[in-house]
Amino acid sequence: MRRDPSIHLPGDLFTEILEIVRDPPTYGWPQQVLVLASVCRGWREVAVGTPTLWRYIVAPAYDIRFIALSLERSQQCPLVIEYHTKRPDHSVLYLLAKHSERWEHLSLCIPPSSYPLLSTIKGKVPLLKRLALQATTGDDPQPHQQLSGFEIAPALQYLDLRRFYPDLRQDSSTPWVRLTYLCCQSIELSRLYSLLANTPTLLRLHVSDISHDWPYEQSKNGILTQLKVLSIVDCDLRVIYSLLSRFSNLAELSILIFSDPGQANTGMPVILPHLYRLKIQINGIFPGLVNFLVFEALNLSEMEFSGCYSLEDSDDEHEDRIEENAATGRSHLRFLWNFIQSSRCSLTSLVLHFEVDFPACEMAPLLKALLSLEHLDISVVHMECVPFRAMLPATAVFPKLRRLYLHIPSEAHSIDVINDLIALATSNHILKVWLVDR
């Protein structure tokens, strides 16, 4: 007779342990439930009698019989469902749709041709908090094809539409009044603004590869004051300025540029009076880089910049890459200097991460413009990129600087550079310098 491993544990404590084990859930959790139930009779009784252990449903990894069993044993618990397939089983979709009133988290990746199967759930997702939608490839979407059923979702807080290209039908009379996070990728600006019109409580927005299809004068109408955090990845510069002109109360902004964003006729200047944290990453160089982003942010205090060489140039000849990297580094530093001057900010924290090489003299003008800096973190490919001598004495160049982190590769350095670093570290008694191996 097998000994029950939990014989010395109270039933409620053992159930709590199983709850901790399964949270957060993994793709293989349904299989793990079966393993738990097969350990011994005691474990089986607890597993079968604990509805929350059965609320995670992964399809099509498990057939419809196991899905039906999970739906039965989960009783009335909110459901967490993941269904990713290019060839969905319509009977599974119908079965899941019957329990839509218990959906809490739903991640769906199915062909657009299967969308009509979900039309029956409209007004029947009262518990839905998180929704992630993707459209599978290989299934030609019809023009203006829409996914309906989620128009009325009173509890929806998180909406992820990455790689979702059809239209998500909305009802202007029933906005998503609890939605605080939205992610969109590869759609037109007009469709993005249509979604935003239905999200009066949105706090965080992540957009990627948004195409511009509105005149600037039209796309800047309608200020959204509630948004606090905006992340923009590889978007047209006209899209960037259109978004910034709408979100006047932004507190945090992140912009990643992987290709030429083009140009924009901004008209009226953009002012972000509440912005305090900014992150910018630029890969390579493009025409107009030095002045490509201009806005006023008087309260901006924390900034992080990452500059890399263009991935498209990785196969060039070695000599060409060296010259390209140097030009890229110079352009990135000049952009930073211009931006800080035009924004009229007083930075207290600056993080610089460079994957490109450049002479130390190129960084000196930037650092000398940062009198209010208290925290400086620099990561460079060579120690010789940092103008230590130009930073002397620290009491004059950086009167408020208290922490300096240098991320530098372990390699031989010239004695002059080392002496300059020592002189900098000892020129101000409140300055602490950390050397970190990159």
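The working numbering puts the first residue of the sequence shown at 2, with every later residue one more than the last. Ideal Cβ placement from N, Cα and C applies to all residues, glycine included. If you're wondering where the values come from, they're calculated on a predicted model, not measured in any experiment.
Which of helix, strand or coil DSSP assigns to H333
Residue state, collapsed to three classes: helix.
Per-residue DSSP class, three states only, for S428
Of the three classes helix, strand and coil, the one that applies to S428 here is coil, per DSSP.
Separation of Y116 from L244, as counted between CA atoms:
If you draw a straight line from the Cα of L244 to the Cα of Y116, it is about 31 angstroms long.
Compute the Euclidean distance between the alpha carbons of R439 and P113, then round it to the nearest angstrom.
Between R439 and P113, the C-alpha separation is close to 46 angstroms.
8 angstroms contact criterion, which L132 and L107 should meet: CB distance rounded
With a Cβ gap of about 5 angstroms, L132 and L107 count as contacting.
Check for me: the alpha helix (DSSP H) holding R239 runs from which residue to which?
Boundaries of the alpha helix (DSSP H) around R239: 238-247.
The segment 389-403 contacting the segment 362-380, beta-carbon criterion three pairs below 8 angstroms:
Taking one beta carbon from each stretch, the segment 389-403 and the segment 362-380 have 3 or more pairs nearer than 8 angstroms; the two touch.
Does the CB of Q135 have a neighbour CB from chain C at under 8 angstroms?
Of the protein chains in this structure there is only one, and it is not chain C.
Sequence-distant residues of the same chain with beta carbon closer than 8 angstroms to Q158, five excluded per side:
Here the set comprises K130, R131, R179, L180, T181, Y182.
Thinking C-beta only, is L301 closer than 8 angstroms to L334?
Not a contact, by the Cβ cut-off of 8 angstroms.
Give a yes or no on whether the C-beta atoms belonging to E152 and Q135 are separated by under 8 angstroms.
The answer is no: Cβ separation not under 8 angstroms.
Where H213 and D237 are concerned, what is the direct C-alpha to C-alpha distance, given to the nearest angstrom?
Approximately 7 angstroms between the Cα atoms of the pair.
Could you tell me which whole beta strand (DSSP E) segments of length 3 or greater appear in the segment 63-109?
Within the segment 63-109, the complete beta strand (DSSP E) runs of at least 3 residues are 80-85.
What is the rounded straight-line gap between the Cα of V387 and the Cα of V295?
So the two alpha carbons sit approximately 26 angstroms from each other.
Within this structure, are the beta carbons of L97 and I82 separated by less than 8 angstroms?
It is a contact, given that the beta carbons lie within the stated cut-off.
Quick check on the DSSP output: the beta strand (DSSP E) that includes A60 runs from which residue to which?
From DSSP, the beta strand (DSSP E) with A60 extends over 57-60.
How about V230 and I211: are their beta carbons less than 8 angstroms apart?
Not closer than 8 angstroms, so no.
Work out the CA separation of E297 and H414 for me, nearest whole Å.
Linking H414 to E297 through their CA atoms gives a straight-line distance of about 40 angstroms.
Measuring only the C-alpha atoms, how far is T51 from Q77?
If you take the alpha carbons of T51 and Q77, they lie about 11 angstroms apart.
Is L337 buried or exposed, if buried means 16 or more other CB atoms sit within 10 Å of its CB?
Buried, since its Cβ has 16 or more Cβ neighbours within 10 Å.
Let me confirm a value: L372 is counted as buried when at least 16 other C-beta atoms fall within 10 Å, else exposed. Which label applies?
L372 sits exposed, since fewer than 16 C-beta atoms from the chains shown fall within 10 Å of its C-beta.
Between I258 and N284, which are expected to be in contact by the criterion C-beta below 8 angstroms, what is the C-beta distance as a whole number of angstroms?
Their Cβ separation, rounded to whole angstroms, is 7 angstroms, which keeps I258 and N284 in contact under 8 angstroms.
Going by other Cβ atoms of all chains shown within 10 Å of its Cβ, with 16 needed for buried, is M269 buried or exposed?
Under this definition M269 is an exposed residue.
Would DSSP call M269 helix, strand or coil?
Three-state DSSP puts M269 in coil, outside helix and strand.
Beta-bridge partners of R404, as assigned by DSSP
DSSP, once it has assigned bridges, lists H376, K433 as partnering R404.
Closest Cα partner of L54 within the set P61, E73, A60
When only C-alpha atoms are compared, the closest one is E73.
Thinking C-beta only, is L225 closer than 8 angstroms to L204?
With contacts defined by Cβ atoms closer than 8 angstroms, L204 and L225 do not form a contacting pair.
Contact set for D358: own chain, Cβ-Cβ below 7 angstroms, skip 5 residues either direction
Within its own chain, the residues whose Cβ lies closer than 7 angstroms to the Cβ of D358, once the five positions on either side in sequence are excluded, are N326, A327, G330, V382, H383, C386, listed in chain order.
Out of P61, I68, K125, H430, point me to the one whose CA is closest to L109's CA.
Each of P61, I68, K125, H430 was checked against the Cα of L109, and the nearest Cα belongs to P61.
Alpha-carbon spacing of I65 relative to I58, whole angstroms:
Rounded to the nearest angstrom, the two C-alpha atoms are 11 angstroms apart.
Can you look up K280 in the DSSP assignment and give me helix, strand or coil?
Looking at K280 - three-state DSSP - the assignment turns out to be strand.
Residue environment, R247, which counts as buried when at least 16 other CB atoms sit within 10 Å
By the neighbour-count rule (16 or more Cβ atoms within 10 Å), R247 is buried.
Which residue wins for smallest C-alpha separation from N292, given the options K280, I286, N339?
When each option's Cα is compared against that of N292, the closest is N339.
Mind checking whether A1 and L119 have CB atoms under 8 angstroms apart?
Since the first and last residues shown for the chain are 2 and 439, residue 1 lies out of range.
Cβ of C346 within 8 angstroms of Cβ of L299?
Contact flag set, yes.
Would you report the Cα separation of R42 and L70, rounded to the nearest angstrom?
Each residue's alpha carbon lies about 19 angstroms from the other.
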